[in-house]
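See below for the structure under consideration.
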Amino acid sequence: MLTPENTLLAIFSYNMGNTLERCITSTLKMCPGFDLAIIDDQSEDAATRDVIRRHAGSFKFSFVSESDKEGKKHGNLYDNVQFMCDLATEKGYEYLFLIQDDMQFVRPMDDYICRQYSTLFEADEKVLQVDPRFLRKGYNYEIVEAWNAYRFPEGDVRRSYADVGILRLSLLKAMNWKFRDSESENKRVLTELGYQRLFPLSPILMHVPFPVSYRNGKVRRSWLPRNRGTYAFHELSQQERDAMDRRPLSNIPYFRQYLRPKNMLFTRLVYALVTDASALR
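In terms of numbering that gives the first Met the number 0, the sequence shown has 267 at position 268, counting the first letter as 1, and numbering is strictly consecutive.
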């Protein structure tokens, strides 16, 4: 069973400043008892480096990547994911939870959640990953009634892996897996090998709205909305969590339906008008 003792949480950081602060504080609040690691991809941003320094005592492991990032669209992300998988395996963890620095936990990763997610890993030997994010509209999700979960349909390469979620390390070790330098390539190969990524009935975290985003090491400029990187979601109340856990599986957990944005005034109009994908980048 997935527990705080056998699961390492790993945050992947690059130049997110206040957004990283929110990610760390929400992780510490919602995941008590879990070991937390961070690996920073050579952030140039002073605020980001300061956030990591201030939280140094909260990390079981803390690293800065050293490889050359020149010409890499996602920097050293996949080298860093491989490094953390190897570290977690070496240290005796059974699961590695990949967390991106633009994410926020909105409900606790408590015993109920751990038992629910453990059931998904136990459902089939090919379940490689449980991805506990809320979902976006516009995608075709298959409802897996037998497992009380969701997944992408047969033939969709997104069915197997994402750069966010809980990985079962024993499967990666058994096939001597090495991450490719592309999420799409990792997805393609792992899908061809028959591995699956499942979305649970009860998600616990999501990317925050309108983060600062980078490509090839440079900020992606955007006029709207203003104050990128300052927005978040309200945590789910106990009543909201109970309602989510009791709902029928046919009610897909789309993030706009269940998560209430905070710190928004005029930006709320932009949030309402854009697509789900645009609201998170």
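Ideal Cβ placement from N, Cα and C applies to all residues, glycine included.
| Item | Value |
| --- | --- |
| For Q256, which three-state DSSP category applies? | helix |
| With DSSP as the reference, identify every bridge partner of Q128, one or two as the case may be. | L166, R196 |
| In this structure, how does DSSP classify V188 when only helix, strand and coil are distinguished? | helix |
| Can you tell me whether E182 is buried or exposed, with buried defined as 16 or more other CB within 10 angstroms of its CB? | buried |
| Taking C-alpha atoms, which residue in P252, I51, R150, D34 lies nearest to M205? | P252 |
| Alpha carbon to alpha carbon, what distance is there between R52 and A45? | 11 Å |
| Determine, using beta carbons only, whether M0 and M108 come nearer to each other than 9 Å. | no |
| Pop quiz: D275 and R255 are said to be a contact at Cβ under 8 Å. What is the actual Cβ separation, rounded to whole angstroms? | 7 Å |
| Locate the alpha helix (DSSP H) running through S61, then write down its first and last residues. | S61 -> not in any alpha helix (DSSP H); beta strand (DSSP E) instead, spanning 60 to 63. |
| Return the chain-ordered list of same chain residues with a C-beta closer than 7 Å to the C-beta of Q41, the five sequence neighbours on each side being excluded. | V63, S64, K68 |
| Which two residues bound the contiguous beta strand (DSSP E) that contains Y149? | 148 to 150 |
| Tell me the DSSP secondary structure of D34 in three-state form. | strand |
| Taking the beta carbon of F11 as the centre, do at least 16 other beta carbons fall within 10 Å, making it buried, or is it exposed? | buried |
| According to DSSP, is R117 part of a helix, a strand, or is it coil? | In the sequence on display, residue 117 carries Ser and not Arg. In this structure, S117 counts as helix in the three-state DSSP scheme. |
| Since D162 contacts L97 with CB under 8 Å, what's their CB separation in whole angstroms? | 6 Å |
| Give the C-beta separation of F232 and V207 to the nearest angstrom, bearing in mind that I take them to be a contact with Cβ-Cβ under 8 Å. | 7 Å |
| Can you give me the C-alpha to C-alpha distance between R48 and L171, rounded to a whole angstrom? | 31 Å |
| Measure the CB-CB distance between Y149 and L189 and report whether it falls below 9 Å. | no |
| What residues match up with M205 in a beta bridge as DSSP calls it? | Q103 |
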